[in-house]
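Single-structure report; data block below.
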Amino acid sequence: MKILILGASQVGISIAEVLVGEENDVTVVDIDRRPLQQLQNRLDIRTVAGHAGYPSVLRAAGAEDASLILAVTNNDEVNMVACQTAETIFGTPTKIARIRSKEYLKNPELFGADAGFYIDVVISPEVIVKDHITRLIEFPGALQVLDFADGQVQLVGVKAVAGGALIGCQLEVLGAHMPGVQTRVAAIYRDGEVITPVSETVIKEGDEVFFVAARKHIRKVMQAMRGKSDKTKRIFIAGGGNIGLNLARGLERQGYSVKLLELNPERAEKIADLVDNTVVLNGNAADAGLLLQENIEGADVFCSVTEKDEINILSAKLAKQLGAKRVMALVNRPAYVEHIEHHDINVIISPRVATIGSVLAHIRRGDVVAVHSLRRGRAEAIEAIAHGDEHSSKVIGKGVRDIPFPRGTGIGAIVRNDEVIIPSKETVIEAEDHVIIFMEDKSCISNVESLFQVDVTFI
Amino acid sequence: MHYQIVLKILGILLIIFSATHITPLLVSAIYADGNSLPFISAFSVTLFTGLILWFPVRTVKRDLRYRDGFLVVVLFWTVLAAFGALPFLLSEYHSLSLTDAFFESMSGLTTTGGTIFTHLDTLPESTLYYRQQLQWLGGMGIVVLAVAIMPMLGIGGMQLYRAETPGPMKDSKLTPRITESAKALWYIYLGLTVLCAIAYKLAGMSTFDAICHAFSTVAIGGFSTHDQSIGFFDSAAVEAVAMVFMMIAAANFSLHFLAWRNRSIRPYLRDTEYGFFLLVLGAVALLLLLTLSVQEVYSETGTTIRQGLFHLVSIATTTGYTSSGFAWWPGALPVLLILLSFMGGCAGSTAGGMKVMRVQLMYKQGKQEIVRLVHPNAVLSVKLGRQVISERVINTVTVFFSAYLLCYVLTAIALSAVGLDWVTAFSAAAACLNNLGPGLEQVAQNYAVINDAAKWILAFAMLLGRLELFTLLVLFTGTFWRD
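First to last, the protein sequences are chains A and B.
Using the working numbering, the first residue of the first sequence is number 1, and each one after it goes up by one.
Using the working numbering, the first residue of the second sequence is number 1001, and each one after it goes up by one.
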């Protein structure tokens, strides 16, 4: 697939990294030549320096035969104009733009097929990250919470803790422990190694278990994995940027008691004007005295979302030392996520992993409506719709066990007319089913994609 | 330095290269020239060596670093020239010394076209074909070919590509993915070769000669299957075909790519480099034809124009075909042509020399300095067409220019030191550094008579010229090996 990425920003670069690995023709455009040069030395891509909204620049970057344009420069207006240019002059089929400003986001009629800017998908990494953190807070103990089928089904990663009812259980008897609850364990990670679950697999203490269940059942399964049901009430947020502010506003509305730390006094004042019940504190997130004075040991969640990775990591560690129950840190830099061990940080939030899914969903062949990256991008969970009929589709009319999935790949759940089905081996896929698939290794994605492509010769 | 991955790639490249011994084997079978054994042995030895290098490190997975690229490319060209020499060495039809075999192989791969064979017409067909094929493989660059067919190289492919492609600006890609770019280049190259072979055939060559000469024409090599080179055919049509395809192959291949993709000739018209090339050639042609007719070198005007233009194009593009020869022309004309080969063809072509773009940039920079004398406060930028050329590129070009001349002088002096007369030394140094082929005096026809030491020096000069100095020279610096 020929893809144009406009803007060598954090998001742009990380998306380019993922897409290059999947055999796409990627061209990156940026106004600044220097980051492009470095990028080209590192990745097998073409780079073009210039203003991303200018037709001549887009043409030089190959917009004429690009199938997807991804406008992720740091400037909303440039992104909007670039998409408009791509549509008007080059007729690019899919246009995705990053829009940060709330002013624009509040008016979705600005972006549409019939009026306004021709943008097919608006992504807003800050909103995605905010939602991501909110879900993690909603489910205490969760390492990752991913939505499928508009949130009807969720894939949750959780660490198994001693005392949980399911510890020491074989997977085939899970149902017996939780009457009325249907769930499917998609993967287990033990000491960093993946274990493909079979019915005899036993859950052990310390395992990272990824399971799929209907949203209403998630809490029960988590409780069974972790023993106690930890209630979350008091939340500390460090960093009052866009993410921190929106997070605080969302959480205070849900009834949590929120404290927000912001270093810059003017910004702190502005935030104070915008929130209702949140206590805004002006001070350093790594100031132990301030944290203790504000009763950090009583905090259920400490979430560090400043702009600086280093501050986020250190302040999260500090908060943990001082007694916060769960600490989360926002870390952008892939090297920090992958090469440093973070024993005392419960959850590392990587915006690139959280954001990339919303882009990948438009790049996957077949009708894939949602894609989520897991395990730092190594594993992937997708939601694909089965189209066609028994003849033209490779999955419709087949039992789950008869579908030739690659190793380490399996169906986690099926959503049929708003009903969540946790499939058994005999379950038969019907047309228009939303199928949620978990892949331990992303490299088999093309096999899975081709299963869900409608065979054109039969139409 | 990651020697394991370097060895692995070297091994794979050798395995691929071993396959190129199979086609001469077929030729040998078709013509029943009884010369198949050397190719069978060469094939097995190359394949086996490749497997030995590759097998112990086959599981190594690592990206090729920027630095490793230089080592792989230089090692590969050297090793390839060595293994490419095997069929010459092993054949009983022509007992070549190790030096001669290596020289011939290097001359072929670097598309120089200087030969040590004195009686080409008596050689078995398979050997003749093999020489032409070596040139063809070296023309677009066997490493570029490897990049095209080995997707596993990933970004490492870019490092290799950069170390091998000619021209001052190596970062521009035809397509986003390097394997696709390399493939595009080879498709164009292959297409041109096929067209050229058909044209030769129509011009009256035998099928064998047509294919063989198509190989060395599009590669801008200059090997021929006859002692008299193109002169053997004594046909205006053949010379015309040769000239057209030499001119095509001397253009930047990305122009061919753009023209093909957009189905238009506009890329050629807009390219200032090719325009400059034509301008220089036109100016020299005038001078040349004028001198030739005033001195009455040829009795007929028609012959003057035909011989004059053919040799001009052949030498200026660094091909090195000859018809009636040019070394005996009066006055400074032979030297003029040899000097012209320093410019060579365009960047990104199969031609040798310093490349037109560099000469053009030097010219523009010189012009700019003159403007600065008149307007001391002028703000100036060097442009090619509408593209502004960065200071960095200009500096590299200046340094390249000086380094090239230095290498040339040093090679010539080294040649004199080992006993060559000075005309032979200076012309042979130019002919090999520019990947041209024929020189003057002793080396006007072939390189058979010069001594072994001179041949090794010249083989080094050929590689130096083909890899545009720095890729090779960087290996002789301390910085490269220090970590």
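Cβ atoms here follow ideal geometry from the backbone N, Cα and C, with glycine treated the same way.
Using 8 Å as the threshold, is the C-beta distance between residue i and residue j below it?
i	j	result
arginine 234/A	serine 257/A	yes
lysine 220/A	methionine 178/A	yes
valine 1244/B	tyrosine 1200/B	no
leucine 247/A	isoleucine 411/A	no
aspartate 25/A	proline 1176/B	yes
histidine 217/A	glutamine 170/A	no
glutamate 1273/B	alanine 1184/B	no
serine 350/A	valine 327/A	no
asparagine 1434/B	glycine 1353/B	yes
leucine 1458/B	alanine 1403/B	no
leucine 1014/B	leucine 1053/B	yes
phenylalanine 1088/B	leucine 1096/B	yes
aspartate 418/A	glutamine 154/A	no
alanine 379/A	alanine 187/A	yes
alanine 1249/B	isoleucine 1220/B	yes
Using a Cβ-Cβ cut-off of 7 Å (strictly less than) and excluding sequence neighbours within five positions of residue i, which residues of its own chain qualify?
i	result
serine 101/A	Asp76
asparagine 447/A	Pro406
alanine 1453/B	Val1418
valine 502/A	In the structure as shown, chain A starts at 1 and stops at 459, and residue 502/A therefore has no counterpart that could be examined.
leucine 146/A	Gln154, Leu155, His372 and Ala381
Apart from the five residues on each side of it in sequence, which residues of its chain come closer than 6 Å, Cβ to Cβ, to residue i?
i	result
phenylalanine 148/A	Ala370, Glu383 and Ile436
threonine 1477/B	none
phenylalanine 458/A	In this prediction, phenylalanine 458/A has a pLDDT of 47, which is less than 50 and means its spatial position is unreliable; what the coordinates show is noted afterwards. The answer, listed in chain order, is His391 and Ser392.
isoleucine 1009/B	Val1072
alanine 1085/B	Ala1101, Phe1102 and Ser1105
proline 1334/B	Phe1326, Ala1327 and Leu1440
tyrosine 1189/B	Met1140
glutamate 426/A	Gly399
Just to confirm my understanding: we take residue i, look at its own chain, exclude 5 residues before and 5 after, and list those with CB closer than 8 Å. What are they?
i	result
threonine 1471/B	Phe1070, Val1073, Val1074, Ala1163 and Glu1164
alanine 1431/B	Thr1112, Gly1114, Gly1320, Ile1338, Ser1341, Gly1437, Pro1438, Gly1439 and Val1443
arginine 1372/B	Ala1378 and Leu1380
isoleucine 137/A	Thr232, Ile235, Leu251, Tyr256, Val301 and Cys303
methionine 1362/B	Val1397, Thr1398 and Phe1401
What's the C-alpha gap between residue i and residue j?
i	j	result
glutamine 1442/B	valine 1147/B	39 Å
glycine 357/A	arginine 249/A	25 Å
glycine 1282/B	tryptophan 1329/B	19 Å
glutamine 84/A	threonine 27/A	18 Å
glycine 1204/B	aspartate 1227/B	18 Å
glutamate 1125/B	glycine 1325/B	25 Å
glycine 323/A	glutamate 297/A	4 Å
arginine 1466/B	valine 1294/B	37 Å
isoleucine 15/A	arginine 352/A	8 Å
leucine 1080/B	isoleucine 1142/B	10 Å
arginine 365/A	isoleucine 45/A	21 Å
serine 1427/B	glycine 1139/B	22 Å
phenylalanine 1208/B	leucine 1128/B	10 Å
phenylalanine 469/A	aspartate 276/A	The structure shown does not extend to residue 469/A, since chain A is modelled only from 1 through 459, so no value can be given for it.
isoleucine 348/A	leucine 374/A	12 Å
lysine 270/A	threonine 306/A	16 Å
glutamine 40/A	glutamine 1159/B	11 Å
alanine 299/A	threonine 1179/B	54 Å
alanine 49/A	threonine 73/A	13 Å
lysine 1355/B	leucine 1279/B	15 Å
alanine 1429/B	alanine 8/A	47 Å
arginine 1266/B	glycine 1385/B	14 Å
glycine 12/A	serine 124/A	13 Å
glycine 377/A	histidine 1213/B	53 Å
Does the ligand FMN have even one heavy atom less than 7 Å from the beta-carbon of residue i?
i	result
lysine 95/A	The ligand FMN is absent from the structure shown, which contains no ligands of any kind.
Going residue by residue through the stretch 222 to 277 of chain A, where are the continuous alpha helix (DSSP H) segments of at least 4 residues, counting only ones entirely within it? 242 to 253 and 265 to 274
If the cut-off is 7 Å on Cβ atoms, which residues from the stretch 13 to 45 of chain A count as contacting chain B, listed in chain order? Asp25, Val26, Thr27, Gln40, Asn41, Arg42, Leu43, Asp44 and Ile45
What ranges does the beta strand (DSSP E) occupy inside the stretch 123 to 152 of chain A, keeping only unbroken runs of at least 3 residues that lie completely in it? 142 to 148
For the stretch 1158 to 1188 of chain B, which residues have a beta carbon sitting closer than 9 Å to at least one beta carbon of chain A? Met1158, Gln1159, Asp1171, Ser1172, Lys1173, Leu1174, Thr1175, Pro1176, Arg1177, Ile1178, Thr1179, Glu1180 and Ser1181
Please list the segments of the alpha helix (DSSP H) lying wholly inside the stretch 1006 to 1082 of chain B, counting only runs of 4 or more residues, in order along the chain. 1022 to 1031 and 1037 to 1054
Enumerate, from N- to C-terminal direction, the unbroken alpha helix (DSSP H) stretches of 4 or more residues contained entirely within the stretch 299 to 378 of chain A. 309 to 322, 334 to 339 and 351 to 363
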